[in-house]
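Residues in the sequence shown are numbered from 1315 upward in steps of one, following our numbering.
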Amino acid sequence: MEYKDRTYRNQFSGSLKSFSVSYKETDLWIGTDNGSYSCSMQQYVLDLVTQMRTEMDAYLQSDTQYRTSLVPYQPKNGAPAIFRFMSKASAKAGIGPMSAVAGAFDKLVADALCTRYGCTDIVVENGGDIYAKVSHDLDISVFAGQSPLSERVGIHIPAEAFPLGICTSSGTVGPSLSFGKADAMMVVCRDVLLADSYATAMANRIRTVDDLQPVIDLCSNNSDILGALAVKDDRMAICGDFELRIFEK
């Protein structure tokens, strides 16, 4: 099931000045501190994303295996840098490199905005995958489709923990390939590309509620993963450095 109305983005508005940019499958929500915000940001990001997608699409035409590989795969010599970044992160998670594409866009867009506009606070969200560098605490709920826990549970992240990648994968929500049936698998890492790949890898392992705790145990024993929250049907499991939050809908 694919959700077009991204209501979960509302939780990030708060003190940030926000805008959205869409190009092909890339659909970004971006929030920055008011002091850094400029009305030129939206066009700047659209131009940047268009350029990135054009370069990526051209490369993938010459290396079709990169797009389809479900195991770690290295790009050819001369590939755009984003492919090296994706391959490095996904290899640690043991899955195909396209698992890190949303996180890669988040990080590259955030870095470009911070360089050009001097952003002190920035959040870039791309289909449930988030890069955040903010100076205040954040409560982040997990979107889990038809689960009764969707947007009812989440985590509290204190300001001093940022920057972070907070990524969510699902086998029941959205168009992304998953071999599992998790309603949501949220993973928090220092590196947003790692968070993106690990979220996919862990979600692949969840088919029933009995898989929740074994997967969370794997996350707990992985030094790259700072926190994780898994949801299947009306059950959940959590581990890591961040407090559980319960939200009213």
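Every residue gets a Cβ at the ideal spot worked out from N, C-alpha and C, and that includes glycine.
CA-CA distance, residue i and residue j?
| i | j | result |
| --- | --- | --- |
| TYR1380 | TYR1351 | 36 Å |
| ALA1473 | ASN1518 | 31 Å |
| LEU1463 | VAL1438 | 24 Å |
| SER1334 | ASP1435 | 16 Å |
| MET1355 | TYR1337 | 15 Å |
| VAL1456 | GLU1465 | 5 Å |
| HIS1450 | SER1534 | 26 Å |
| ALA1458 | GLY1494 | 14 Å |
Considering only their Cβ atoms, is the gap separating residue j from residue i smaller than 9 Å?
| i | j | result |
| --- | --- | --- |
| ASP1443 | ALA1416 | yes |
| ILE1569 | MET1500 | No answer is possible for residue 1569: the residues shown for the chain start at 1315 and end at 1563. |
| ALA1498 | VAL1545 | yes |
| MET1412 | ILE1396 | no |
| ILE1520 | ALA1496 | yes |
| LEU1507 | PHE1399 | yes |
| ARG1510 | ALA1405 | Correcting the residue identity first, residue 1510 is Asp in this sequence and not Arg. No, Cβ-Cβ distance for ASP1510 and ALA1405 is not below 9 Å. |
With DSSP collapsed to three states, give me the class of residue i.
| i | result |
| --- | --- |
| ASN1526 | According to the sequence shown, residue 1526 is Leu rather than Asn. Helix, per DSSP. |
| LEU1427 | helix |
| CYS1503 | strand |
| CYS1481 | strand |
| SER1537 | coil |
| SER1376 | helix |
| LEU1463 | coil |
| VAL1415 | helix |
| VAL1359 | helix |
| SER1329 | coil |
| LEU1532 | helix |
| LYS1546 | strand |
| ALA1458 | coil |
| TYR1512 | helix |
Can you find a CB in chain B that lies within less than 9 Å of the CB of residue i?
| i | result |
| --- | --- |
| GLU1339 | Although the question refers to chain B, the structure presented lacks it and comprises just one protein chain. |
Let's see if you can read the secondary structure: which residues bound the alpha helix (DSSP H) around residue i?
| i | result |
| --- | --- |
| ARG1519 | Segment: none, ARG1519 is in no alpha helix (DSSP H) and carries neither H nor E. |
| SER1455 | From DSSP, SER1455 is part of no alpha helix (DSSP H) but of the beta strand (DSSP E) over 1452 to 1455. |
| ALA1475 | First-last for ALA1475: undefined, no H or E at that position. |
| MET1400 | 1395 to 1407 |
Within 10 Å of its beta-carbon, does residue i have 16 or more other beta-carbons around it, so buried, or fewer, so exposed?
| i | result |
| --- | --- |
| PRO1394 | exposed |
| ILE1560 | exposed |
| THR1340 | buried |
| ALA1407 | buried |
| GLU1557 | exposed |
| CYS1433 | buried |
| CYS1553 | buried |
| ASN1391 | exposed |
Which first and last residues belong to the beta strand (DSSP E) in which residue i is found?
| i | result |
| --- | --- |
| TYR1445 | 1443 to 1447 |
| ASP1341 | 1340 to 1347 |
| GLY1494 | Neither: GLY1494 is in no beta strand (DSSP E) and is coded neither H nor E. |
| LEU1558 | 1557 to 1560 |
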